[in-house]
Amino acid sequence: MSNQQRPPEDESLRILLTGAGAPGASGIIKSLRATEEREIDIVAVDADPNAYGFALADVDYTVPHGEDPNYVNQMVQIAGEEQIDVVLPLTTAELFPLSRNRDKFDATVMVSDPPALEIANDKTELYGFLEAEGFSVAPEFRVVDTESEFLAAVEELGYPATQVCFKPPVASGMRGFRVLEEGSDRLTQLLESKPNDAVTTLEAVLPVLTSGDSFPELAVMEYLPGAEYSVDLLGMDENVGPVVPRSRERTRAGISFAGVVEERTDLIRAATDISQALGLEYNINVQFKEDDSGDPKVIEINPRVAGTIVMGVGAGANLPYLGVKYALGESLPPVDVEWGTRMVRYWQELFRTPEGEPFHLGEGSKPTHTPTLQR
1 MSNQQRPPED ESLRILLTGA GAPGASGIIK SLRATEEREI DIVAVDADPN
51 AYGFALADVD YTVPHGEDPN YVNQMVQIAG EEQIDVVLPL TTAELFPLSR
101 NRDKFDATVM VSDPPALEIA NDKTELYGFL EAEGFSVAPE FRVVDTESEF
151 LAAVEELGYP ATQVCFKPPV ASGMRGFRVL EEGSDRLTQL LESKPNDAVT
201 TLEAVLPVLT SGDSFPELAV MEYLPGAEYS VDLLGMDENV GPVVPRSRER
251 TRAGISFAGV VEERTDLIRA ATDISQALGL EYNINVQFKE DDSGDPKVIE
301 INPRVAGTIV MGVGAGANLP YLGVKYALGE SLPPVDVEWG TRMVRYWQEL
351 FRTPEGEPFH LGEGSKPTHT PTLQR
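Under my numbering, the first residue of the sequence shown carries the number 1, and numbering increases by one thereafter.
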């Protein structure tokens, strides 16, 4: 944590929020604004100058992508000019640059240490770690980087008798994820499935995987057909704060659109133990999926605030703000989760005038303008 002087709890707090165009930015901003403890000023940044989250923030800046060599310097400059107290990253690509350069900020950067990120962000490293540490929630998997290894792994995991899935070791959302299913009706898929359907056949993907200069590294793993859960928690050095499991009943492109906050003690225990074993800190998200016997297995960890963390906020656990309080070194209040709370997400439109001023449609379809400072 930074040694800068912290603002008293009755004074406004300035948060630098990255990834203002991320799908979950709206819910996270709402979560931060929901506290009655203090006023919060949000300075939002994104690589997209038209990021919708800019309209929800007090100040906004366009910055390079996280991998850009100028990204860190621009972030440090913005944080200094805006007198930022806490930096809250929303996107995976920014975690390593921010973690490796935390000492350049006067503000506290809410991201884990690089060694913990190395394991959490890489599925092959993560699955191997869980297996080596004896976690029962470790999925069966193989790491491959040649065609022959891929074919052997697919067969060893039961294909074609059972479904098998694969994904690049480092990827976010549903990027690169595919499920192999023998005899899949490609015509029916073409005519009746949406273009982002992940189900395919070995015969369909093999020519694509072998079309490059080299075979890509992949994590091939058992297919988990059961219910999917996402667990949000707060890592605090040796301790773990509130842990909130939520079902993912309906998803689109990896984003939850419907679910229920459930008191799953098995998931709470597993997520807590994994976070402590890895040494993760601040807001963490662990995703589980049940196998055909109903046993949960880890499919990935997001070592950052999750896009649908707002579901837990609606149930009484404002984990984004609690994470900020922890970053500031403040004591955390007790949390009373209202288990069984259900959330359904829906679309909302953001418009901009020809001059660039953002607005939403108000009553009677008349524009209700919400000014924002553009930089």
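Quick reminder that beta carbons are idealized off the backbone N, C-alpha and C, glycines included.
In this text the structure is predicted, and so the values were computed from the model without any measurement.
- Endpoints, beta strand (DSSP E) assigned at residue 28: Taking the sequence shown and counting its residues from 1, one reaches residue 28 at position 28. That residue, residue 28, is in no beta strand (DSSP E); its alpha helix (DSSP H) goes 25-33.
- Is the number of C-beta pairs between the segment 300-313 and the segment 128-144 that are closer than 8 Å three or more? no
- Query: Whose C-beta lies closer than 6 Å to the C-beta of residue 153 among residues of the same chain, with five residues either side of it excluded?
  - Reply: As a first step, residue 153 is located in the sequence shown; it is residue number 153 there, counting from the start. Correct list, in chain order: 142, 144, 220.
- Apart from the five residues on each side of it in sequence, which residues of its chain come closer than 6 Å, Cβ to Cβ, to residue 202? Residue numbering aside, residue 202 sits at position 202 when the sequence shown is read from its first letter. Once the five neighbours on either side are set aside, the close Cβ partners of residue 202 are 180.
- Task: With residue 296 as the anchor, note down where its beta strand (DSSP E) starts and where it stops.
- Result: In the sequence shown, residue 296 corresponds to position 296, counting from 1. 296-302 is the extent of the beta strand (DSSP E) around residue 296.
- Where do the ends of the beta strand (DSSP E) carrying residue 224 lie? In the sequence shown, the residue the question calls residue 224 occupies position 224. Per DSSP, residue 224 belongs to no beta strand (DSSP E) and is neither H nor E.
- Roughly how far, in whole angstroms, is the beta-carbon of residue 236 from the beta-carbon of residue 326, given that I think they are within contact range, below 8 Å? By 1-based counting over the sequence shown, the position of residue 236 is 236. By 1-based counting over the sequence shown, the position of residue 326 is 326. So it is a contact: roughly 6 Å between Cβ atoms.
- Task: Look at the alpha carbon of residue 261 and the alpha carbon of residue 23, and state the distance between them as a whole number of angstroms.
- Result: The residue you call residue 261 lines up with position 261 of the sequence shown. The residue you call residue 23 lines up with position 23 of the sequence shown. Between residue 261 and residue 23, the C-alpha separation is close to 20 Å.
- Message: Can you confirm whether residue 347, when its beta carbon is compared against all beta carbons of chain C, has any partner nearer than 7 Å?
- Response: Annotation note: the requested chain C is absent from the structure, which comprises a single protein chain.
- Under a three-way DSSP split, which group does residue 150 fall into? As a position in the sequence shown, residue 150 is number 150, starting the count at 1. Residue 150: helix per DSSP, three-state reduction.
- Hey, residue 79 and residue 107: beta-carbon distance below 7 Å or not? For the purposes of this step, residue 79 is taken as residue 79 along the sequence shown, with counting starting at 1. For the purposes of this step, residue 107 is taken as residue 107 along the sequence shown, with counting starting at 1. Their beta carbons are under 7 Å apart, which means residue 79 touches residue 107 by this criterion.
- For the alpha helix (DSSP H) containing residue 84, list its first residue and its last residue. Within the sequence shown, numbered from 1, the residue matching residue 84 stands at position 84. Here residue 84 belongs to no alpha helix (DSSP H), and DSSP marks it neither H nor E.
- Message: Judging by CA-CA distance, which residue of 362, 229, 249, 252 is the nearest neighbour of residue 243?
- Response: Residue 243 sits at position 243 when you count from the first residue of the sequence shown. Residue 243 has its Cα closest to that of 229, out of 362, 229, 249, 252.
- Query: According to the neighbour-count rule (16 or more other Cβ atoms, all chains shown, within 10 Å of its Cβ), is residue 208 buried or exposed?
  - Reply: Locating residue 208 in the sequence shown gives position 208, counting from the first residue. It is exposed - the Cβ of residue 208 has fewer than 16 other Cβ atoms within 10 Å.
- Message: Using a Cβ distance threshold of 8 Å, determine whether the segment 94-109 contacts the segment 163-177, with at least three qualifying pairs required.
- Response: no
- Message: Beta-carbon within less than 6 Å of residue 227's beta-carbon, same chain only, minus the 5 sequence neighbours each way: which residues are those?
- Response: Along the sequence shown, read from residue 1 onward, the residue named residue 227 stands at position 227. Once the five neighbours on either side are set aside, the close Cβ partners of residue 227 are 290.
- Item | Every unbroken alpha helix (DSSP H) inside the segment 83-133 [4 residues or more] | 95-100, 114-120, 123-132
- By how many angstroms is the C-alpha of residue 76 removed from the C-alpha of residue 83? Counting from 1 along the sequence shown, the entry for residue 83 is found at position 83. Counting from 1 along the sequence shown, the entry for residue 76 is found at position 76. Going from the Cα of residue 83 to the Cα of residue 76 covers about 10 Å.
- Message: By the three-class DSSP mapping on this structure, what secondary structure does residue 78 have?
- Response: Looking up residue 78 in the sequence shown gives position 78. Helix.
- Query: Where do the N-terminal and C-terminal ends of the beta strand (DSSP E) with residue 273 fall, by residue?
  - Reply: The count along the sequence shown starts at 1 and reaches residue 273 at position 273. Not the beta strand (DSSP E): residue 273 falls in the alpha helix (DSSP H), residues 265-278.
- Message: Rounding to the nearest angstrom, what Cα-Cα distance links residue 146 and residue 213 in this structure?
- Response: One-based indexing of the sequence shown puts residue 146 at position 146. One-based indexing of the sequence shown puts residue 213 at position 213. So the alpha carbons of these two residues sit roughly 11 Å apart.
- DSSP bridge partner residues for residue 235 (one or two, in chain order): Translated into the one-based positions of the sequence shown, residue 235 becomes position 235. Bridge partners of residue 235: 240, 282.
- Beta-carbon proximity check, residue 269 vs residue 245, cutoff 7 Å: Indexing the sequence shown from 1 puts residue 269 at position 269. Indexing the sequence shown from 1 puts residue 245 at position 245. For residue 269 and residue 245, no; Cβs fall outside 7 Å.
- Item | Buried/exposed call for residue 60, threshold 16 Cβ in 10 Å | Sequence index remark: in the sequence shown, residue 60 carries index 60 (1-based). Its Cβ being crowded by 16 or more others within 10 Å, residue 60 is buried.
- Any contact of the segment 307-324 with the segment 113-131, i.e. 3+ C-beta pairs under 8 Å? no
- Between the Cα of residue 205 and those of 240, 161, 151, spot the shortest distance and give me the residue it belongs to. Position 205 of the sequence shown, counted from the start, is the residue given in the question as residue 205. It is 151.
- Message: Would the segment 116-130 count as touching the segment 339-351 if we require 3 or more Cβ pairs under 8 Å?
- Response: no
- Item | Backbone secondary structure at residue 54 - three-state DSSP | Taking the first residue of the sequence shown as position 1, residue 54 is located at position 54. It is helical.
- Consult DSSP for residue 259 and reduce its assignment to one of helix, strand or coil. Along the sequence shown, one-based indexing puts residue 259 at 259. The answer is strand: DSSP assigns residue 259 an E or B state.
- Message: Suppose the cutoff is 7 Å on Cβ atoms and the five residues either side in sequence are ignored; what does the same chain contact list for residue 225 look like?
- Response: Within the sequence shown, numbered from 1, the residue matching residue 225 stands at position 225. The residues are 292.
- Task: Mark residue 37 as exposed unless 16 or more other C-beta atoms lie within 10 angstroms of its C-beta, in which case mark it buried.
- Result: Within the sequence shown, residue 37 is the residue found at index 37, counting from 1. Residue 37 should be labelled exposed.
- Query: How big is the Cα-Cα spacing for residue 42 and residue 360?
  - Reply: The residue you call residue 42 lines up with position 42 of the sequence shown. The residue you call residue 360 lines up with position 360 of the sequence shown. Their backbone Cα atoms lie some 19 Å apart in a straight line.
- Which one of 97, 338, 148 has the shortest CA to CA distance from residue 65? Looking up residue 65 in the sequence shown gives position 65. Closest by alpha carbon: 97.
- Message: Taking only three categories from DSSP, how would you classify residue 37?
- Response: The residue you call residue 37 lines up with position 37 of the sequence shown. It is coil, neither helix nor strand.
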